[in-house]
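Report on the following structure.
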Amino acid sequence: MELIVAHDRAGLDKARSSRSVALVPTMGALHEGHRSLIRMARAMGEQVVVSIFVNPLQFGPDEDYARYPRTLAADLEICAEEGVDVVFAPSPDDMYRPDRQVSVSAGEMGTIVEGAVRPGHFDGMLTVVLKLFNLVRPDIAVFGQKDAQQLALIRRMVVDLDLPIEIVGAPTVREGDGLALSSRNRYLTSDDRHAALALSRALRAGAAEREPSAVRAAAREVLASSSLEVDYLVLVDPATFAEVPDSYRGEAVLAVAAKVGSTRLIDNLPLTF
Ligand code: PAF
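Everything in the sequence shown is counted per the numbering used here, starting at 451 for the first residue and increasing by one.
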C-alpha cells in the first residue's frame, strides 16, 4: 500500500479508514526511537497514522521552536519504509484558528518537574494531542517513555476527559553508549555529545542502588562531576510525578534534565523498589 500524505483535515478525513487506527504523534525529525513507536503501532492497529507537526504552543518564547529540525522529506521516507499508511502533516494555520480561545490545562501536575522549568509546555502539548485525537480519531496512540511526564499527563487526560483511546508507552531507544535518542541530539557538537553521556551514566549509577536515598545520591554524584547544567534530578511516582519518599516501595522513575552547551536534554529510567 502506498503512503498517503495528508496536509490538511480534508485530506486526513479522506485517508482515514474505518479499521482500527493506531496513531503515532510526532514533531518529525524522525529517528530509530520513532521507528520503534511506529513498529509498535503497526503491530497493534490495522491502519497506522503518523502525525508530523512542530507544535508552536508547547515551546516557550526562549525555546527552540524556530530552529527545531524540520525534515519532512526524510521523515516520509522513514514512514514509507516502516509501512505507515497515512502521514498527517498540517501547517500551524491549519491546526490553529487565529481567533482560538480554548485550550487544555495540564493542572498542577503540569507545573512540577519539567513543567516548572517550561511553564505552559504541558498545556500546549495536551492541547495539540487532544486536537490530534479528535482529528485522527485513533483507537490506540503510541508515545515514547523517554518523555515520561508527557506520557503520564496524556494518560491522565484520557482518564479525566473520558477519551476512548488506549495509550501505549514504548521503551526509550538508546545509542550503544547509552545516549537516549532525541530529535534534539542533532544540535550536539561532538564535545556536547560526549558530555551528554553523563545523563545516562547518572541514571545507571542511580539504578544500581536499592534505596531511594542512595539512588538519588549516586545519580547526583555523577552529575556533580560532569560539565552539565542540571535543571533537575528527581525520583518520582510515574503516574503523578510527585517525589517518592525514602521509604517508598513500588514503581518509580528517575528523571533528569540538563543543558549540554546550548541544547537541553531530558532522560529517565524506570525503577522498581
Ligand atoms: O513528543 C512529541 O513529539 C510531542 O510532544 C507530541 C506528543 C507530538 C505533541 O506535539
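We put the CB at the ideal spot given by N, CA and C, even for glycine.
Item, Value
"On the CB-based measure, 16 or more other CB atoms within 10 Å of its CB, does L683 come out buried or exposed?", "buried"
"Using the C-alpha atoms, what's the distance from P540 back to V499?", "13 Å"
"By the 10 Å Cβ neighbour count, where 16 or more other Cβ atoms means buried, how is N584 classified, buried or exposed?", "exposed"
"For S633, does the three-state DSSP call read helix, strand or coil?", "helix"
"Leaving out five residues on either side along the sequence, give the residues of the same chain with a beta carbon under 6 Å from the beta carbon of L631.", "H481, E482, G483 and V623"
"Tell whether a beta-carbon distance below 9 Å holds between A591 and V578.", "no"
"Considering just the uninterrupted stretch of the alpha helix (DSSP H) at P614, what are its terminal residues?", "Neither: P614 is in no alpha helix (DSSP H) and is coded neither H nor E."
"Compare the beta carbon distance of G557 and R605 with 9 Å and say whether it is the shorter of the two.", "no"
"Going by C-alpha distance, which of G560, S677, V552 and G478 is nearest K581?", "V552"
"Of all residues in the structure, which have a C-beta closer than 6 Å to any heavy atom of the ligand PAF, taken in chain order?", "P475, T476, M477, N505, Q508, M575, V578, V579, D597 and Q600"
"Could you tell me if D535 is buried or exposed, where buried requires 16 or more neighbouring beta carbons within 10 angstroms of its beta carbon?", "buried"
"Pair every Cβ in the segment 559 to 579 with every Cβ in the segment 457 to 465, then say whether three or more of these pairs are closer than 8 Å.", "no"
"Measuring CB to CB, does D525 end up less than 9 Å from V554?", "no"
"Which residue spans inside the segment 458 to 529 form an unbroken beta strand (DSSP E) run of at least 3?", "471 to 476 and 497 to 502"
"Tell me where the beta strand (DSSP E) around G594 begins and ends.", "I590 to G594"
"Along the chain, where does the alpha helix (DSSP H) that runs through A669 open and close?", "P662 to A674"
"Thinking C-alpha only, which one of A674, A658, M490 and R568 is nearest G594?", "M490"
"Do you know how far the Cα of E513 is from the Cα of A648?", "23 Å"
"Assess, as a yes-or-no matter, whether the segment 688 to 700 is touched by the segment 653 to 660 under the definition of 3 or more beta carbon pairs within less than 8 Å.", "no"
"Compute the beta-carbon to beta-carbon distance between S520 and V537, rounded to the nearest angstrom, for a pair I have assumed lies under 8 Å.", "Correcting the residue type first, residue 520 is Arg in the shown sequence and not Ser. That pair is no contact at about 14 Å."
"Determine the closest residue to L613 out of P621, P588 and A598, with distance taken between C-alpha atoms.", "P588"
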